[in-house]
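Participant: My numbering numbers the first residue of the sequence shown as 242 and each following residue consecutively. Think of the CB as a built atom: it goes at the ideal place given N, C-alpha and C, for glycine as much as any other residue. The structure presented is a predicted model; accordingly, all values stated were derived computationally and were not measured.
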Amino acid sequence: MNPEGEREVADRSGLPSVAWIVPFGLAVLLPGLFTQISESRIHAFRGGMYVTETVMVLFFGSATALILYFVFYQRNLGRSLGTAAVLVLVFFTWPFWVDVAGSARRIVDVDIVVDILTVALVTAVLWLAVRYSDRDSTFFFVAVTAGSAGLLLVSAALLVPRFVGAPVGSGPMAGPGPYPNAVILVLDGYAREDALRDNFGAEGELLVSALADRGFAINDDAVTNYSRTYASIASMVAMDYPFGEGLRSEESLDRMRHLLNGDSPLVHGYHDAGYTVTAYENWWWGSQCGRAIDDCTRVSFVERSLWSLGQVSPLASIQRAIVPHPFVPTGLDLLRELGRQTDVDRSAPQLVIAHVTVPHPPTVLDAECSLSVGSAELNETAVWESIAESDDGDARHPFLEQTECIDRVTIAEIDQLLTIDPDLAVLVLSDHGTRSLQPGPRDPDEWSDDALEERMGILMAMRVPADCGLVAPARTPVNAVRSFVSCTTGATLDPLPERFYFTPAEEWTDVPFVELTDRMRSIQG
242 MNPEGEREVA DRSGLPSVAW IVPFGLAVLL PGLFTQISES RIHAFRGGMY
292 VTETVMVLFF GSATALILYF VFYQRNLGRS LGTAAVLVLV FFTWPFWVDV
342 AGSARRIVDV DIVVDILTVA LVTAVLWLAV RYSDRDSTFF FVAVTAGSAG
392 LLLVSAALLV PRFVGAPVGS GPMAGPGPYP NAVILVLDGY AREDALRDNF
442 GAEGELLVSA LADRGFAIND DAVTNYSRTY ASIASMVAMD YPFGEGLRSE
492 ESLDRMRHLL NGDSPLVHGY HDAGYTVTAY ENWWWGSQCG RAIDDCTRVS
542 FVERSLWSLG QVSPLASIQR AIVPHPFVPT GLDLLRELGR QTDVDRSAPQ
592 LVIAHVTVPH PPTVLDAECS LSVGSAELNE TAVWESIAES DDGDARHPFL
642 EQTECIDRVT IAEIDQLLTI DPDLAVLVLS DHGTRSLQPG PRDPDEWSDD
692 ALEERMGILM AMRVPADCGL VAPARTPVNA VRSFVSCTTG ATLDPLPERF
742 YFTPAEEWTD VPFVELTDRM RSIQG
């Protein structure tokens, strides 16, 4: 085709070529929002991650547009940008198309039917894009622009409640100094010692024994106040029971987001005592460094973004089969940073709040901390179901190996911390226990006492100044943190009556908390 013919094809809609940047730009902005709303209602909006994901999508979309421009569309910029916009929208909103096709289950409850319908829907959309971008490009421009803008506005509206505002509130009043440097280390999903031995076959010296040898006081009957990470971590930093009957309103969800992002009595109390506060922002969506955090230690936005974008694309199942879920390697990387977090030469005392997402599944680490993907099933954060249903130990052994890796790394990092600062105060605990005896988030009435005690049983070890007079840490996270704060800041925080809650729901919509205080007291004797 001669140049005049090319120009005629490009211009016949009457729209300038540069106008096609509008629908293309709108399409590029959407996937990052889609990943934010597809994870959970509970997390706050992550600006840095959204920017990173948007840049990645821009590269993908630009490469697609260039291929179309030079190879298929005879240098027609409008058709190239328009079709690339549709490809971006379809590729990075794959779960949406799967959900639409999933309505077919009401007629035929067969997985392959849903897969076939999903591919058919997407193919039809792409066929329409190719056809109408050539035949009626004005109509195509309006359709792509309106569709992209509509999806973008809906996604943004769904995310509005997740923006965390400025810090508010205050903490407990500190006593006279001097104050020691302090570390609160939360190992996500670490099982209590008896559960590791009885349910996973652990032998020899475990983490609690090594901590005891280093002067830590141990409570081997420790029990969490809440059975799920979100509520457990939030209650620790609130040093109270902040949610009553559950997360049943946007107000309660917003309160949880503030607590998880640093706007908490714990952080404000240490600030009032003159501490600088360092917090860990890990792969787990509930964690984010808000404005109250002085220093933030985080994992790579790129690593998290690559996984998140892959999970909203047709590549999700392939990704889970061959790439280790970043939940674990990023948690391990952050744990290995712990030994370099304290500085005795600082003019102000330091608090480090380090919540790391290990040894919680996926189970992709062996005892030597080498990464591998045993199977797509074991590369899921919800692997407890397969562990609970495993009688031959195939699913239990990988978790034990992963725990052994974390034991070794934790001790090495604590030794490094204590070498730097022998007077360091340290609280090591877990947010909840394992679930090897009971699959699924069912009603707690369906759980046996043994299964419930395993889920609620946690690691608890504390090292505080000798003049604090601590013999053993409290039995629950809320009271352990209150005791730790009292010992490190001189605040007077009496223990609260013990209360225990179970979260039976898997989805974060109208989440109830079932109080199990009487039953847990009975189980614990």
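Contact check, T622 vs P603 under 8 Å by CB: the rounded distance?
Facilitator: 6 Å between Cβ atoms; contact.
Participant: Could you tell me how far apart the beta carbons of R723 and L734 are, in whole angstroms, since I believe they sit closer than 8 Å?
Facilitator: Going by Cβ atoms, the distance from R723 to L734 rounds to 4 Å, so yes, they are a contact pair.
Participant: Does DSSP classify E522 as helix, strand or coil?
Facilitator: DSSP places E522 in strand when its eight states are reduced to three.
Participant: Taking the runs of the alpha helix (DSSP H) that are 4 residues or longer, which of them lie wholly in the segment 254 to 317?
Facilitator: For the segment 254 to 317, whole alpha helix (DSSP H) runs of length 4 or above, ordered along the chain, are 262 to 280, 288 to 308.
Participant: Three-state secondary structure (DSSP) at Y373?
Facilitator: In this structure, Y373 counts as helix in the three-state DSSP scheme.
Participant: Taking V385 as the reference, give the member of L369, A589, S611 with the closest Cα.
Facilitator: If we check each option's Cα against that of V385, L369 comes out closest.
Participant: With distances taken from CA atoms, which of L579, A617, G615 is nearest L659?
Facilitator: Per the Cα distances, L579.
Participant: Compare the C-alpha of I474 against each of R376, V597, S258 and name the closest.
Facilitator: For the residues R376, V597, S258, the minimum Cα distance to I474 belongs to V597.
Participant: Does the beta-carbon distance from P565 to L612 come in below 8 Å?
Facilitator: Their beta carbons are under 8 Å apart, which means P565 touches L612 by this criterion.
Participant: Hey, how far is the Cα of V788 from the Cα of V329?
Facilitator: Because residue 788 is not part of the residues shown, which for the chain are 242 to 766, the question remains open.
Participant: Indicate the three-state DSSP secondary structure (helix, strand or coil) for F457 in the structure shown.
Facilitator: Three-state DSSP puts F457 in coil, outside helix and strand.
Participant: Under three-state DSSP, which class holds P753?
Facilitator: Three-state DSSP puts P753 in a strand.
Participant: Under 8 Å, Cβ to Cβ, is there at least one residue of chain D near A692?
Facilitator: The displayed structure is made up of one protein chain only, and chain D is not part of it.
Participant: Just how far apart, CA to CA, sit P421 and D664?
Facilitator: Cα to Cα, P421 sits roughly 7 Å from D664.
Participant: Buried or exposed: which applies to G572, given that a residue is buried once 16 or more other Cβ atoms fall within 10 Å of its Cβ?
Facilitator: Classification for G572: buried.
Participant: What are the boundary residues of the beta strand (DSSP E) that T538 is part of?
Facilitator: First-last of the beta strand (DSSP E) with T538: 536 to 539.
Participant: Out of curiosity, what's the CA-to-CA distance linking T417 and M761?
Facilitator: The question names Thr, but residue 417 in the sequence shown is Pro. Those two C-alpha atoms are separated by around 38 Å.
Participant: With DSSP as the reference, identify every bridge partner of T517, one or two as the case may be.
Facilitator: Paired residues: Q591.
Participant: When the Cα atoms are used, what is the spatial distance from M480 to I559?
Facilitator: Each residue's alpha carbon lies about 42 Å from the other.
Participant: Taking the straight line between their C-alpha atoms, what separation do you get for V427 and D356?
Facilitator: If I take the Cα positions, the gap works out to 40 Å.
Participant: Can you check DSSP and say which residues form a bridge with F743?
Facilitator: Per DSSP, V755.
Participant: Less than 8 Å between the C-beta atoms of V339 and V366, yes or no?
Facilitator: Going by C-beta atoms, V339 is not nearer than 8 Å to V366.
Participant: From E618, E694, E687, pick the residue whose C-alpha is nearest to that of G674; which is it?
Facilitator: The option with the nearest alpha carbon to G674 is E694.
Participant: Measure the beta-carbon distance from G323 to F382 and round it to whole angstroms, keeping in mind my assumption that it falls under 8 Å.
Facilitator: Indeed they touch by this definition, with Cβ atoms about 7 Å apart.
Participant: Do the segment 261 to 268 and the segment 499 to 515 touch if we need at least three Cβ pairs shorter than 8 Å?
Facilitator: No, the segment 261 to 268 does not touch the segment 499 to 515.
Participant: Determine whether the beta carbon atoms of P680 and Q643 lie at a separation below 8 Å.
Facilitator: Taking 8 Å as the Cβ cut-off, P680 and Q643 do not qualify as a contacting pair.
Participant: Do Y291 and N466 have their beta-carbon atoms positioned less than 8 Å apart in this structure?
Facilitator: It is not a contact, given that the beta carbons lie outside the stated cut-off.
Participant: How would you call D350, buried or exposed, if buried means at least 16 neighbouring beta carbons within 10 angstroms?
Facilitator: Exposed: under 16 other Cβ atoms inside 10 Å.
Participant: Which residues does DSSP list as the beta-bridge partners of A666?
Facilitator: In DSSP, A666 forms a bridge with A423.
Participant: Can you check the segment 557 to 617 for any beta strand (DSSP E) of at least 3 residues that lies completely inside it and give the ranges in chain order?
Facilitator: For the segment 557 to 617, whole beta strand (DSSP E) runs of length 3 or above, ordered along the chain, are 591 to 597.
Participant: Using the Cα positions of P714 and R545, report the straight-line distance between them to the nearest angstrom.
Facilitator: In a straight line, the C-alpha of P714 is about 36 Å away from that of R545.
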